[in-house]
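In my numbering, the protein residues as written are 182 to 527. Contents: one structure, followed by commentary.
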Amino acid sequence: MNPQAKLDFTASLLLGTTITISSNHWILAWTGLEINTLAILPLISKSHHPRAIEAATKYFLVQAAASALLLFSSMTNAWYTGQWDITQLTHPTSCLILTSAIAIKLGLVPFHFWFPEVLQGSPLTTGLLLSTAMKFPPITLLFMTSQSLNSTLLTTMAVLSTALGGWMGLNQTQTRKILAFSSISHLGWMAIIITYSPKLALLNFYLYTLMTAAVFLTMNSMKVLKLSTLMTSWTKSPALSATLLLTLLSLAGLPPLTGFLPKWLIIQELTKQEMPLVATAISLLSLLSLFFYLRLAYCSTITLPPHTTNHMKRWHTHKPVSTQIAILTTLSIMLLPISPIILTIM
């Protein structure tokens, strides 16, 4: 892709996100979401492969439907209450439609079917944007309307997302699809707590973004798209494979890594809200995700490829690890000890 075009689309993404997260009026928020959708489409389809075109088409149709629902929700609220302010969403029907619209935009169960397919058809760098930056504006809208939302509906969707995100990722061999189901599972943890502690949901999103960015950039650096390729990565870049192991375990939420912090705080908050059964259920369901993270970690570091495989041996290039990957991986592994400072900032 032409560098100038890429710069234009990236600037549009930043503009759309900024408009949505800084607006108080529903029409402005909707405009920002539309700019985001139109800016990411060329980045999804830039390879001109039929799979990429299909992914871009699916993404456009799904996001257009979600945006229409969001607009319908805000118009219904304005019709009944005379309010266009985002924080003044009080009509029950509007709240229900908005929850559905945001769930479609984020890829929460039962509106999750488009996300793995779109991620599979996109390059890894675009996949990173779809999994992190593109989810920030909808999460912000949930944050601003969290007092009005139906917590029972969100809890049900969250538990289903964690269950299906873990269950459907079990038998995947494509790394992008595994990361898509990982994203769906993590969204469940954010959705379950958004009505009780919105700041905690945002903290979860920020830490998830850190860890996912580290995994995506590492895989992009090693050119890994399938588990079979991941199995041969140790011989090419042992240091990256070793840090990928730790980042994956952090994404799974194992102590003493960074990923344990949001899960620990969310379980604590759910217990305070007298929801021990939900906390137990979501904790047990996250074990499904742990299985496929361990599978990825096993493939990347523990499994050495047999010497008789018919794959072309790559030369050792010894290219230096980028500073971005180094910083993100360090943050993805070592933030738990400073959790009191993080909680003070919140």
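Quick reminder that beta carbons are idealized off the backbone N, C-alpha and C, glycines included.
Task: Residue closest to I522, alpha-carbon to alpha-carbon, out of L458, L384 and L196 - done: By alpha-carbon distance to I522, the top candidate from L458, L384 and L196 is L384.
- [ ] Give the straight-line distance between the Cα atoms of W415 and L330, rounded to the nearest whole angstrom.
- [x] Cα to Cα, the separation comes out at about 47 angstroms.
- [ ] Could you check the C-alpha separation between H293 and T238 for me, to the nearest Å?
- [x] Going from the Cα of H293 to the Cα of T238 covers about 16 angstroms.
Task: Reference T199, options L468, P319 and I374, closest by Cα - done: Cα-wise, what sits closest to T199 is P319.
- [ ] Give the range of the alpha helix (DSSP H) segment to which V405 is assigned.
- [x] According to the DSSP assignment, V405 belongs to no alpha helix (DSSP H), since it is labelled neither H nor E.
Open item on the list: Which of the three DSSP states is assigned to H293 in this structure?
Closed with: The three-state secondary structure of H293, taken from DSSP, is coil.
Task: Q505 - DSSP class collapsed to helix/strand/coil - done: Reduced to three states, the DSSP call for Q505 is helix.
Task: Which of helix, strand or coil DSSP assigns to W265 - done: In the structure shown, W265 sits in coil (DSSP, three-state: anything other than H, G, I, E or B).
- [ ] Within the same chain, show all residues whose beta-carbon is closer than 7 angstroms to that of N401, passing over the 5 residues directly before and after it, in chain order.
- [x] Cβ neighbours of N401 beyond the five flanking positions: L305 and T306.
Task: Helix, strand or coil at H230 [DSSP, three-state] - done: Looking at H230 - three-state DSSP - the assignment turns out to be coil, as it is neither helix nor strand.
Task: C-beta contact flag for G528 and S342 at 9 angstroms - done: Here the chain has residues from 182 to 527 only, and residue 528 is not among them.
TODO: Say whether the stretch 234–251 touches the stretch 275–286, bearing in mind that this needs 3 or more beta-carbon pairs closer than 8 angstroms, one atom from each stretch.
DONE: At 8 angstroms Cβ cutoff, the stretches touch.
Task: Closest by C-alpha distance to L277, when choosing among T333, T321, A233 and K316 - done: Residue T333 is the option with its Cα nearest to L277.
TODO: Kindly confirm or deny that the stretch 260–269 and the stretch 219–235 touch, where touching means at least three C-beta pairs closer than 8 angstroms.
DONE: These segments do not touch.
Open item on the list: Among the candidates L381, H367 and L512, whose CA atom is the shortest distance from the CA of E450?
Closed with: The shortest Cα separation from E450 among L381, H367 and L512 belongs to L381.
Task: Residues of its chain near H206, where Cβ-Cβ distance is below 8 angstroms and the 5 sequence neighbours each way are ignored - done: So the qualifying residues of the chain are W265, D266 and I267.
- [ ] Specify the secondary structure class of Q355 as computed by DSSP and reduced to three states.
- [x] Looking at Q355 - three-state DSSP - the assignment turns out to be strand.
- [ ] Please classify L466: is it buried, with 16 or more other beta-carbons within 10 angstroms of its beta-carbon, or exposed?
- [x] With 16 or more Cβ atoms within 10 Å of its Cβ, L466 is classed as buried.
Task: Supposed close pair M392, S431 - CB separation, criterion 8 angstroms - done: 5 angstroms between Cβ atoms; contact.
Open item on the list: Which same chain residues end up closer than 7 angstroms to F386 when comparing Cβ atoms and leaving out the 5 residues on each side of it in sequence?
Closed with: Cβ neighbours of F386 within its own chain (closer than 7 angstroms, five residues either side excluded): I320 and M371.
Open item on the list: I'd like the list of long-range same chain contacts for V405, defined as Cβ closer than 7 angstroms, with 5 residues on each side in sequence excluded.
Closed with: Here V405 has T356, L411 and S414 as same chain residues with Cβ atoms under 7 angstroms from its own Cβ, once five neighbours each way along the sequence are excluded.
Open item on the list: Please classify S203 as buried or exposed, where buried requires at least 16 neighbouring CB atoms within 10 angstroms.
Closed with: Exposed, since its Cβ has fewer than 16 Cβ neighbours within 10 Å.
Task: Residue-chain proximity (S503, chain B), Cβ-Cβ < 9 angstroms - done: Protein chain content of the structure displayed is limited to a single chain, and chain B is not contained in it.
Task: DSSP state of H488 mapped onto helix, strand, coil - done: Confidence at H488 is low in this model, with a pLDDT of 48, below 50, so its placement is unreliable and the value that follows should be read with caution. Secondary structure of H488 (DSSP, three-state): coil.
- [ ] Can you check DSSP and say which residues form a bridge with H206?
- [x] In the DSSP output, where bridge partners are listed per residue, H206 has D266.
Open item on the list: Shorter than 8 angstroms, the distance from the beta carbon of P304 to the closest heavy atom of the ligand GTP, or not?
Closed with: Ligands displayed in this structure: none; no statement on the ligand GTP is therefore possible.
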